[in-house]
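Line by line, the protein sequences give chains A and B. For the record, in the first sequence the residue sitting at position 253 is 253 according to the UniProt record's numbering, with numbers rising by one throughout. For the record, in the second sequence the residue sitting at position 149 is 149 according to the UniProt record's numbering, with numbers rising by one throughout. Virtual Cβ for every residue (Gly too), placed ideally from N, Cα, C. Just so you know, these numbers come straight off a predicted model, no measurement behind them. Inspection log for the structure reproduced underneath, given as structure tokens.
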Amino acid sequence: MIKSFLKRFYLVLILILLYAPILTLIVLSFNNSKTRSKWGGFTGKWYVSLFQNKEIMNALFTTLAIALLSAAIATLIGTVAAIGISAMGKRKRTVIMGITNIPMLNADIVTGISLMLLFIAIRFSLGFTTILLAHITFNIPYVILSVMPKLKQTSKSTYEAALDLGASPLQAFLKVVIPDIYPGITSGFLLAFTMSLDDFIITHFTKGPGVDTLSTKIYSEVRKGIKPEMYALSTLLFLSVLILLFLVNMTPPEAERKKKTHPVKRILVRRVAPALLGILVLVGGVYYSTSSNVAGKKQVIVYNWGEYMDPEVLTLFEEETGIQVVYEEFETNEIMYPKIQSGAIAYDVVCPSDYMIERMIENDLLAELNYENIPNIENIGDTYLEQSKQFDAQNRYSVPYCWGTVGILYNKTMVDEEVDSWSILWDEKYQDNILMQNSVRDAFGITLKYLGYSLNSTDRDELYEATDLLTLQKPLVQAYVIDQVRDKMIGNEAALGVIYSGEAIYTQSENPDLEYVIPKEGSNVWIDSWVVPKNAKNKENAEAFINFLCRPDIAKMNFDYITYSTPNEAARDLIEDDAIRNSKIAFPDAKDLENCETFKFLGDKNDALYNELWREVKSH
Amino acid sequence: MPKKLIDIQGVSKSFGDNLVIDDLTLYIRENEFLTLLGPSGCGKTTLLRMLGGFETPDQGKVIFEGKNITDIAPNKRQINTVFQKYALFTHMTIAENIAFGMKIKKHTKSYIEEKIRYALKLVNLEGFEERMPDSLSGGQQQRVAIARAIVNEPKVLLLDEPLGALDLKLRQDMQYELIRMKNELGITFVYVTHDQEEALTMSDTIVVMNQGYIQQIGTPEDIYNEPQNAFVADFIGESNIFSALMVEDKLVKILGVDFPCVDVGFGKNKPVDAVIRPEDVELEKPGSGIIDGIVTHLIFKGVHYEMEVEAHNYTWLVHSTEMFPVGTMVGIHVDPFNIQIMKKPVSEDEEAIEVEE
């Protein structure tokens with residue numbers, strides 16, 4: 001009695017553990033509020049907007065096209081290879097199987113990087129084709145692995161029996177061997193399909209501008225938070241897999257054996273389904289070969305942060321100038337940098353942060369801008385150009401796009417004293433109510449500032465002092481996070497959090513109890529600026545693009561979309577809402593910024609030192 | 001005597017360093033039930049596969065109806081095979097399996113249907129058309145494999161240990177079935193087995209093989225009663241085999257005792273092998289036989305008793321309808337006619353002697 005209860009309890013527990021995350025996702029996909037931490041009522045709007053979102057739909061189609069094409073081609077190659085391998089002598093077969101298995105066991109990141117390097121080495125421009133080739137490559141071993149056992153099971157004698165009965169070798173192969181190993185081929189195809197669908201890392205390294213699969217698309221959204229549309233899409237994907245599994249398992253194999261399958265089903269399974277698949281793949285291929293063929297047209301390849309531009313702006317730019325925009329997104333400066341450095345893709349215009357621009361200039365990766373082509377730069381406030389000199393000494397390489405500060409976001413209902421200093425983050429009163437940024441430079445920057453030093457300090461004593469202080473703070477910190485600061489603060493889960501000013505404006509709109517402040521000791525003021533890499537192929541188009549972004553109405557559109565402070569004075573004047581136009585968060589007074597600095601590139605050695613100290617803090 | 005259908009002329013085959021068939025010559029007559037018998041690895045299956053066209057001999061020729069078919073592909077031969085593990089097409093129904101060869105040859109639908117009905121009737125599987133192979137028992141699958149082969153009207157049906165996977169009772173039933181089918185079809189069967197009982201029951205001619213050589217060719221009676229060497233004697237049925245000395249014509253010294261026999265022409269004082277079948281050993285009162293021994297083992301086998309008798313440091317195998325309890329002293333007597341004398345191979349290698357025809 002108890003035993004059977006325990007058994008059942010155990011089963012239920014496992015099921016809950018397995019499905020709780022998916023259930024959460026499904027629930028959130030119907031959440032009317034944009035944040036994960038608040039239930040804003042039931043809605044189906046994300047499903048509607050999902051299907052209206054051209055980018056997501058494109059990514060979905062690319063994903064499916066690549067998964068289907070790569071699985072189909074890998075199945076073909078893999079099956080033929082498996083047949084060849086199984087005909088080999090034992091020793092040779094073992095060796096070959098070993099070799100084919102290596103790519104499967106190999107870490108994805110190694111496969112991804114080596115494929116990228118190969119494509120670059122043979123001057124194969126990264127894009128849809130390279131992703132496809134990469135996916136075919138890593139899918140082949142899976143197909144071989146699932147076909148081989150079936151081939152082993154199939155006695156060689158069925159093939160010989162067919163020959164014996166008068167079939168030619170080809171007939172015997174098609175009519176006897178293929179149907180015999182068909183289950184292996186199907187499972188190989190499905191395995192390859194899922195592997196391709198799932199893959200992020202290899203796709204990430206082999207993709208070119210303008211092409212995104214769902215996984216890379218979702219990842220590029222991480223910075224701004226994953227859109228609820230993605231929850232909706234994930235829910236739909238999960239349900240389709242569920243239905244598919246259900247259908248597959250519905251057919252009882254016993255009944256199938258006793259009598260022949262129903263003729264309609266037979267025709268569906270044997271003829272219609274493969275034909276449809278074939279057509280889909282073919283149409284997809286043709287569609288892509290035409291749609292991704294932008295060569296010859298006027299174009300500009302943009303590499304920007306995820307969710308860092310109103311898509312409408314791109315449409316307007318294309319309409320007005322006739323220059324086609326190939327738009328690609330990155331997640332962090334550190335991911336962007338090696339791509340530019342490797343020269344794998346000739347991006348025309350990129351939007352790195354201050355210290356990264358300094359590093360790119362140092363490494364001679366950037367082209368000097370021709371400011372005659374960017375007359376709208378006059379709209380950018382002089383203060384910002386002045387601040388840019390910290391990383392672009394003579395204002396020759398960059399045009400500011402967005403900027404902001406790092407400060408403290410606090411909940412007025414939980415903190416009833418005046419917040420004006422970083423010291424409050426060390427106040428034991430707020431134990432377990434403090435959220436810190438999980439990022440080396442931000443964490444150290446704050447602490448160095450609190451101690452009265454420069455946040456670009458490379459002085460060992462100062463850094464050790466900061467390390468000790470951070471270690472001291474650790475027991476008080478609820479969590480070291482990045483994105484979740486926003487959601488946790490909205491959800492009243494913490495009293496204080498270190499946050500970027502752009503995020504602060506959004507959190508206030510969701511939770512009016514939140515207040516943002518730049519501590520008096522000063523903080524980090526950051527600037528993301530547009531630059532043109534040295535290997536850009538369409539420099540003039542890039543400059544036209546930058547010029548377009550500096551137009552007041554366009555800059556205003558982007559401000560409304562991103563909510564990060566704009567350095568464009570003329571755009572600020574266009575903001576209708578007084579509260580926002582005069583917001584201390586978006587546009588702090590000059591005196592608030594008095595003690596603020598931008599991050600500088602400290603050199604690889606100091607980077608390593610920072611990282612080491614940060615590890616020390618985290619592992620303490 | 002029916003005429004020769006297949007003539008195998010001096011074929012050899014090796015896989016790597018392993019010589020499987022060495023310069024083998026054999027002919028098969030029309031309408032003959034010929035069995036290739038031998039232990040595993042003796043080359044019998046390889047020989048069969050050469051007939052089917054699945055192996056090409058390194059040397060020698062295979063002549064079929066006067067034509068050299070040595071290099072002809074399997075699908076171009078008027079020979080069909082029933083494979084050891086049936087090799088049914090598991091994704092096809094029984095009817096589709098049987099129709100396979102005929103569809104390839106583009107026969108009409110009505111012809112095919114007629115043939116399927118006929119074949120299933122022949123193998124006693126009427127009404128099985130729409131079943132799948134997996135749902136059939138081993139014996140039924142075997143019959144389907146035969147039906148699938150014979151609908152193509154081959155001149156020769158090759159059977160590679162077709163009953164090996166069946167249980168004893170079923171195997172015996174199928175033996176009679178096969179004989180019946182062969183008589184009904186009137187074609188040549190070439191049958192491979194390592195089971196001597198199967199070979200003795202069904203065959204017109206038995207070819208005993210070992211280590212790539214033919215040891216003896218003959219009717220089941222010949223092979224059983226007159227084994228030409230110790231290998232055949234040992235392989236066919238159970239035997240008492242002695243290293244003996246041919247003292248002179250019609251006298252052989254076995255275990256140091258002189259036994260009268262009927263064989264002549266081996267010379268004087270020549271080492272030979274002597275074979276005595278267990279059923280030819282007669283037990284009598286001690287002292288009245290040629291030598292005396294003691295019964296050490298007794299099993300009741302139904303038709304007869306199987307006994308072991310220890311005499312002159314040799315364990316004699318004896319089959320008798322008369323029972324002597326364990327521990328009984330007995331005299332052993334053998335009719336001179338029942339002692340089979342064989343030339344002794346000089347060395348190990350020569351144990352596998354090629355037989356001249």
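- Residue 391 (chain A) is not a Cβ neighbour of residue 442 (chain A), given a cutoff of 9 Å.
- Counting only residues of its own chain and dropping the five nearest sequence neighbours on each side, residue 173 (chain B) has a CB closer than 8 Å to the CB of 139.
- The straight-line gap separating the alpha-carbon atoms of residue 126 (chain B) and residue 146 (chain B) is approximately 14 Å.
- Comparing C-alpha distances from residue 49 (chain A) to each of A:606, A:229, A:456 shows the shortest one belongs to A:229.
- Within the stretch 161-172 of chain A, the residues whose Cβ lies closer than 9 Å to some Cβ of chain B are 161, 162, 163, 164, 165, 166, 167, 168, 169, 171, 172, listed in chain order.
- Taking 9 Å as the Cβ-Cβ cut-off, the stretch 83-98 of chain B approaches chain A at 83, 84, 85, 86, 87, 88, 89, 90, 91, 92, 93, given in chain order.
- In the DSSP assignment, residue 404 (chain A) forms a beta bridge with A:526.
- For residue 319 (chain B), the uninterrupted beta strand (DSSP E) segment begins and ends at 314-320.
- Scanning its chain for C-beta atoms nearer than 6 Å, with the 5 sequence neighbours on each side dropped, one finds around residue 522 (chain A) the residues 449, 595, 596, in chain order.
- Burial state of residue 101 (chain B) is buried, judged by a 10 Å Cβ sphere holding 16 or more other Cβ atoms.
- With respect to the C-alpha of residue 118 (chain A), the residue from A:445, A:143, A:134 having the closest C-alpha is A:134.
- Ranking B:13, B:323, B:233, B:269 by CA distance to the CA of residue 249 (chain B) puts B:269 first.
- With a cut-off of 8 Å on Cβ pairs, the stretch 160-172 of chain B is in contact with the stretch 186-194 of chain B, counting three or more such pairs.
- In this structure residue 204 (chain A) is buried. Its beta-carbon is surrounded by 16 or more other beta-carbon atoms within 10 angstroms.
- One thing to note: residue 210 (chain A) has its Cβ no nearer than 9 Å to the Cβ of residue 75 (chain B).
- Per DSSP, residue 143 (chain B) is one residue of the alpha helix (DSSP H) stretching across 138-150.
- At a cut-off of 9 Å, the C-beta of residue 149 (chain A) has no neighbouring C-beta in chain B.
- The beta carbon of residue 187 (chain A) lies closer than 8 Å to those of 146 in the same chain, with the five residues before and after it left out.
- Non-local C-beta neighbours of residue 68 (chain B) in its own chain, meaning closer than 8 Å and more than five positions away in sequence, comprise 61, 62, ordered along the chain.
- Secondary structure of residue 202 (chain A) (DSSP, three-state): helix.
- In the displayed model, residue 3 (chain B) falls within coil according to three-state DSSP, outside both helix and strand.
- In this structure, residue 351 (chain A) lies near residue 303 (chain A), with their beta-carbon atoms less than 9 Å apart.
- Taking C-beta atoms as the reference points, residue 586 (chain A) and residue 527 (chain A) fail to come closer than 9 Å.
- For residue 497 (chain A), the uninterrupted beta strand (DSSP E) run begins and ends at 496-500, by DSSP.
- In the DSSP assignment, residue 242 (chain B) falls outside any alpha helix (DSSP H) and lies within the beta strand (DSSP E) extending over 240-248.
- Beta-carbon to beta-carbon, residue 197 (chain A) and residue 62 (chain A) are separated by about 11 Å, too far to satisfy the 8 Å threshold.
- Listed along the chain, the chain A residues whose CB falls inside 9 Å of the CB of residue 285 (chain B) amount to none; the nearest CB is some 58 Å away.
- Between the stretch 319-330 of chain A and the stretch 482-500 of chain A, the count of C-beta pairs closer than 8 Å stays below three; the two stretches do not touch.
- One thing to note: residue 208 (chain B) has its Cβ no nearer than 9 Å to the Cβ of residue 189 (chain B).
- Around residue 75 (chain B), the beta-carbon contacts reaching into chain A at under 9 Å are 162, 163, 164, 165, 166, 167, 168, 169, 171, 172.
- Looking at the DSSP output, residue 238 (chain A) bridges to nothing.
- Residue 212 (chain A) has its alpha-carbon roughly 12 Å from the corresponding atom of residue 126 (chain A).
- Taking the Cα positions, residue 329 (chain B) is about 10 Å away from residue 311 (chain B).
- Against chain B, the CB of residue 212 (chain A) has no partner CB under 9 Å away; the residue lies outside that interface.
- In the DSSP secondary-structure assignment, residue 273 (chain B) is bridged to B:243, B:342.
- Listed along chain B are 91, each with a C-beta nearer than 7 Å to that of residue 179 (chain A).
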